[in-house]
Amino acid sequence: MQSNRARLLAALLAALCLLSLAVACSRSADDEEDAAGGGDDSAEVAAQTPYKPTGQEGSIAGAVSFAGGAPAKKGFSMDADPFCASANPDPHAEDIVVNGDKLANVFVYVKDGQAGGKSITGYSFEAPAQPAILDQKGCQYVPHVLGVQVNQTVNVLNSDETAHNVNVDARQNEKFNQGQPPKGAPIIKQFKRAETVIPVKCNQHPWMRAYVGVLQHPFFAVTDQNGKFEIKGVPPGTYTVVAWHEKYQQGQTMSVTVGAGAPATADFSFTGQQLASGSTEGGVLRMLPALDLPMLGAHH
Amino acid sequence: MGRAFAVFLWVMTGLSVWMFVNGKWWFPPSISEHGPAYDQQFILTMVVVGVAFVAAQAALGYAVWRFRDTGEGTRAVYSHGNNRMEILWTGITAAIFITVALLGQRVWWNLHMVAAPAGSNQVRVVAQQFQWNFHYAGPDGKFGRTDPRKISDESINYIGLDSADPAAADDSVTQTLVTAVNRPVELNLAARDVTHSFWVPQLRFKQDAVPGLDVKVHFTPQTVGQYEIACAELCGQQHYKMRSYMLVVPADEYNSLVALPQSQFNRRVGELVRKYPLSY
Chain A
5 MQSNRARLLA
15 ALLAALCLLS
25 LAVACSRSAD
35 DEEDAAGGGD
45 DSAEVAAQTP
55 YKPTGQEGSI
65 AGAVSFAGGA
75 PAKKGFSMDA
85 DPFCASANPD
95 PHAEDIVVNG
105 DKLANVFVYV
115 KDGQAGGKSI
125 TGYSFEAPAQ
135 PAILDQKGCQ
145 YVPHVLGVQV
155 NQTVNVLNSD
165 ETAHNVNVDA
175 RQNEKFNQGQ
185 PPKGAPIIKQ
195 FKRAETVIPV
205 KCNQHPWMRA
215 YVGVLQHPFF
225 AVTDQNGKFE
235 IKGVPPGTYT
245 VVAWHEKYQQ
255 GQTMSVTVGA
265 GAPATADFSF
275 TGQQLASGST
285 EGGVLRMLPA
295 LDLPMLGAHH
Chain B
-19 MGRAFAVFLW
-9 VMTGLSVWMF
1 VNGKWWFPPS
11 ISEHGPAYDQ
21 QFILTMVVVG
31 VAFVAAQAAL
41 GYAVWRFRDT
51 GEGTRAVYSH
61 GNNRMEILWT
71 GITAAIFITV
81 ALLGQRVWWN
91 LHMVAAPAGS
101 NQVRVVAQQF
111 QWNFHYAGPD
121 GKFGRTDPRK
131 ISDESINYIG
141 LDSADPAAAD
151 DSVTQTLVTA
161 VNRPVELNLA
171 ARDVTHSFWV
181 PQLRFKQDAV
191 PGLDVKVHFT
201 PQTVGQYEIA
211 CAELCGQQHY
221 KMRSYMLVVP
231 ADEYNSLVAL
241 PQSQFNRRVG
251 ELVRKYPLSY
């Protein structure tokens, strides 16, 4: 009787060992695949010509306007977290920020185009040494929309006396969801692939939302409070420029030609109807899973 | 050694009973009309279970003392037990448990299954990871239509209130539950994502908010003040942060609050939160 039970236990233990081995093996296979994927990327990068400034670069500047009367500023309460309520007593929703008839927080970027007879995506651009900063201040993200370059260091700061978690819902890049204690150490990350645009949220403060646009080149800008933007150092050429807004994620496109050393203008206009349609990427409503288990999506 | 262990058992039993009867560790004072009935039920259960606990531990100590190893080398005797005794104490235990459960059902029934008194204040509660939202109908007394497709946290539309519905124009959504003292309030609980549980210890009841269900519960708060609302159902990684507050304010303050337009509602709630200190 005793030995039967012992034999059963031993068999169970052996089965468990085999199972864990199998899981470990399949994981390492995944890792190898990832590594191979990474290798492909680097091969692609190697095929690109590093861009050398010619001194002939121009710029693309303009303004994004909002047609149809500014919507009322939407105030809300942060009472659920006493720190947030005291640090930011009169917060406003940041999804649509209009001043006068100008729209802030629009991510304007060069999608593709020809420069010097070659596609702009055929060049490689060194990531700036200066890290990009995404701060959490008064329980809102500063800035609300951030543009960074591939491999540029991004420092996520927590200036608040309350805990946040930085939930980065990337599709092309590594997803992560990391807790950050009050005034905690910065979370330092790099995005390895171009991706427009990655939503960032904090699960503890549902109103908090930021967007990070990652591009392989430095030709992007975010409209300021007056709806203005300027993209500097653009090689002469003809480009497709996209104006992306979080409430109109398919964006608007425009063809812009930059002359040698000359500024080009690109003005965009969004209508209230476009932004109210609330269309997300590709016009498809993205349903969230009933049970969001962020820890399962995280790779550390 | 056997004697020492028996004494240890009795002392531990005494200490355990003392922890409950000394009155130092008890619930926060009840503030709800149903509270005393809950407390009475709880005390009855505690007394019944307490008597059984003391009797069982005393008997265990006695057996340990009586049948200790006395060094005389007495052989242990196998006992098959006594069927009559087994039936008797199982029967008594079952009778006690069923009676206590039935009494408890009566209290629970009064809270959940008896309709809220006519004219109760109505509040819709929408729980989400990790926040409580309280929806007030506004001066028109009609709740605006909600649509899950309109839910947008970043646009501060946590419950999907449809602005196209005229009844929604005066609705307010807040993260603090405001109630009027001595006025019955009915909550309609719903959940956006996973199961949450509404719990104010001073109200004595916990009620799950379940996705897809509209769960009703009503109570009458009787003491002005501010009380903590906790989520009593593990709902995810930040469950511990799913905290809100319930305000019980004088009727006139409540009436003037619910008459306010959307744009002023939350500001006023903030003032009330600062006015009434938190009670523990």
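These protein sequence lines are chains A and B, in that order. Under the working numbering, the first residue of the first sequence carries the number 5, and numbering increases by one thereafter. Under the working numbering, the first residue of the second sequence carries the number -19, and numbering increases by one thereafter. Cβ coordinates follow ideal geometry from the N, Cα and C atoms, glycine included.
Given that a residue counts as buried once 16 or more other Cβ atoms are within 10 Å of its Cβ, and exposed if not, what is residue i?
i       : result
B/F110  : buried
B/N63   : exposed
A/L279  : buried
B/R254  : exposed
B/W(-2) : exposed
A/F272  : buried
A/L20   : exposed
B/F2    : Here residue 2 of chain B is Asn; the residue named in the question, Phe, does not match the sequence. Flag for B/N2 reads exposed.
B/E66   : exposed
A/E3    : The structure shown does not extend to residue 3 of chain A, since chain A is modelled only from 5 to 304, so the question has no answer here.
A/G66   : buried
B/T156  : buried
A/R11   : exposed
B/K221  : buried
A/G41   : Its pLDDT being 39, under 50, A/G41 is placed unreliably by the model, and nothing is read from it.
B/V(-9) : exposed
B/H27   : According to the sequence provided, residue 27 of chain B is Val. The question's His does not apply to it. Exposed, by the Cβ-count rule.
A/R308  : No information on residue 308 of chain A is available, as it lies outside the stretch 5 to 304 that chain A covers here.
A/K205  : buried
B/I11   : buried
A/Q134  : exposed
A/Y243  : buried
A/T269  : exposed
A/L150  : buried
A/A47   : With a pLDDT of 42 at A/A47, under the threshold of 50, the modelled position of that residue is not reliable, and no figure is offered here.
Can you tell which of the options has the C-alpha that lies nearest to the C-alpha of residue i?
i      : options                           : result
B/G216 : A/A15, A/Q208, A/P190 and A/A18   : A/Q208
A/N169 : A/E178, A/V152, A/G188 and A/G151 : A/G188
A/E250 : A/L107, A/F223, A/Y243 and A/G126 : A/L107
A/A131 : A/L219, A/T261 and A/A76          : A/L219
B/A39  : B/F0, B/E66 and B/L(-11)          : B/L(-11)
A/T125 : A/G217, A/Y252, A/K78 and A/H221  : A/H221
A/G275 : A/K232, A/I100 and A/G263         : Strictly speaking, residue 275 of chain A in this sequence is Thr, with Gly absent from that position. Here the closest residue by C-alpha is A/I100.
A/M258 : A/P186, A/R213 and A/I64          : A/I64
A/Y145 : A/F129, A/R175, A/S163 and A/V262 : A/S163
B/A144 : B/A210, B/G51 and B/K130          : B/K130
B/H219 : B/E52, B/Q155, B/R86 and B/S177   : B/S177
A/E98  : A/H148, A/V172 and A/P135         : A/H148
A/S123 : A/A225, A/S90, A/K179 and A/Y55   : A/Y55
A/P93  : A/G104, A/G79 and A/N103          : A/G79
B/L141 : B/A98, B/D151, B/T126 and B/V238  : B/T126
A/T200 : A/V226, A/W248, A/F233 and A/E234 : A/W248
Could you please give the first and the last residue of the uninterrupted beta strand (DSSP E) stretch that includes residue i?
i      : result
A/M258 : Y252 to V262
A/P267 : P267 to T269
A/W248 : G241 to H249
A/Q182 : F180 to Q184
A/F233 : K232 to V238
A/G217 : R213 to L219
A/T200 : E199 to K205
A/Q192 : Just to set this straight, residue 192 of chain A is Ile in the shown sequence, not Gln. Unbroken beta strand (DSSP E) run through A/I192: I191 to Q194.
A/A225 : F224 to V226
A/H168 : H168 to V172
A/T58  : Element bounds for A/T58: n/a, residue is neither H nor E.
A/V158 : T157 to N162
Assuming residue i is part of the alpha helix (DSSP H), what are its boundary residues?
i      : result
A/T275 : Premise fails: A/T275 lies in the beta strand (DSSP E), F272 to T275, not in any alpha helix (DSSP H).
A/S63  : Counting along the chain, A/S63 falls outside any alpha helix (DSSP H), though it belongs to the beta strand (DSSP E) covering G62 to A71.
B/N2   : First-last for B/N2: undefined, no H or E at that position.
Considering only heavy atoms of the ligand SAM, does any lie closer than 7 Å to the CB of residue i?
i        : result
B/V(-13) : Absent from the structure shown: the ligand SAM. Ligands present: none.
Check whether the segment 13 to 26 of chain B touches the segment 182 to 190 of chain B, counting contact only when three or more Cβ pairs, one atom from each stretch, lie closer than 8 Å. yes
Cβ contact check for the segment 156 to 163 of chain A and the segment 194 to 206 of chain A: 3 or more pairs under 8 Å: yes
Item to complete: Would you mind listing the beta strand (DSSP E) stretches within the segment 123 to 185 of chain B that are 3+ residues and don't spill past its ends, in chain order?
Response: 152 to 154, 156 to 160, 165 to 171 and 176 to 179
Would the segment 130 to 142 of chain B count as touching the segment 220 to 234 of chain B if we require 3 or more Cβ pairs under 8 Å?
no
Can at least three beta-carbon pairs, one atom from the segment 82 to 99 of chain B and one from the segment 193 to 201 of chain B, be found at a separation below 8 Å? yes
* Note down, one range per segment and in chain order, each beta strand (DSSP E) of at least 3 residues found wholly within the segment 80 to 154 of chain A. => 111 to 119, 136 to 141, 144 to 146 and 149 to 153
Would the segment 72 to 87 of chain B and the segment 111 to 128 of chain B be scored as touching if the rule is three or more Cβ pairs under 8 Å?
no
> At which residue ranges does the segment 195 to 244 of chain B contain complete beta strand (DSSP E) runs of 3 or more residues, listed in the order of the chain?
Replying inline: 195 to 199, 205 to 211 and 223 to 229
Check your understanding: Within the chosen definition, does the segment 109 to 116 of chain A reach the segment 239 to 256 of chain B through at least 3 CB pairs nearer than 8 Å?
Key -> no
**Prompt:** Quick one: any contact between the segment 156 to 176 of chain B and the segment 99 to 110 of chain B, if contact means 3 or more CB pairs under 8 Å?
**Reply:** yes
Length-filtered (4 minimum) alpha helix (DSSP H) runs lying within the segment 47 to 133 of chain B: 63 to 92
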